[in-house]
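Remarks on the structure that follows.
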Amino acid sequence: MAKATIAVVCILAFAAIAQCEVFDIKGHIYCDPCKLGFQTEKSYGLKGATVELTCSSIVDGSVSYTQKAVTNDAGEYVVSVKNDHENEVCEVKALSSGTEDCKVAIEASARIECTEKSGLHSDVRFANPLGFTKDVAVAGCKKIVEDMDFDESQKDLLLLSTDELSNLL
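Going letter by letter, the sequence shown gives residues -20 to -1, 1 to 149 in mature numbering (1 follows the signal peptide of the UniProt record, and there is no 0).
Next up, the structure:
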């Protein structure tokens, strides 16, 4: 009888834990000092950037969960998400860069699967990097653009204005 009671208690405890799933969302916030719109060897992590994770219903958009985090010295953050959000859209948004030097948002948000039913077998989810750029490209970016060997039709994909691009090339 005692063994059966212990087994029932263990099963109930496991069921309670399974319903209180916690996911850790890990990501990176960077500065693009060349205004290219993506990470390069000149990019660096932004300390003190603020991100917010929001989960909302796919039916009516009502928000069910929000959590903020601040990046460490390397520009990395971890946001914990409680419970399973199978029928919801969860996004990490970059709220601020944490610096006046690099504050123009490039990628503003990244979607994350926060459900056990996604086929992922880990409680850790990785968000795409989110970036900010400077107002003016810094020295040394010319070589990066030249090394990429962009042709004229591709140059409009960069965040640089025509004048800025001409100054680099």
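Backbone N, C-alpha and C fix where the C-beta goes; we use that ideal spot for every residue, glycine too.
Three-state class that DSSP yields for residue i in the structure shown
| i | result |
| --- | --- |
| Val118 | coil |
| Lys123 | helix |
| Lys22 | coil |
Buried or exposed (CB count within 10 angstroms, at least 16 for buried), residue i
| i | result |
| --- | --- |
| residue 233 | There is simply no residue 233 to check, as the chain begins at -20 and stops at 149 in what is shown. |
| Ile86 | buried |
| Glu68 | buried |
| Lys15 | buried |
| Val116 | exposed |
| Val58 | exposed |
| Ala54 | exposed |
| Phe112 | buried |
| Ala88 | exposed |
| Gly41 | exposed |
Pairwise C-alpha distance: residue j and residue i
| i | j | result |
| --- | --- | --- |
| Val118 | Val39 | 45 Å |
| Glu80 | Thr20 | 20 Å |
| Val50 | Val2 | 19 Å |
| Val61 | Ile124 | 38 Å |
| Ile5 | Gly120 | 34 Å |
| Thr30 | Glu126 | 33 Å |
| Lys114 | Val72 | 22 Å |
One or two residues paired with residue i in a DSSP bridge
| i | result |
| --- | --- |
| Thr113 | Asp12, Val84 |
| Asp129 | In DSSP, Asp129 forms no bridge with anything. |
| Gly7 | Tyr57 |
Could you tell me which whole beta strand (DSSP E) segments of length 3 or greater appear in the region 26 to 91? Within the region 26 to 91, the complete beta strand (DSSP E) runs of at least 3 residues are 30 to 37, 43 to 50, 56 to 62, 68 to 76.
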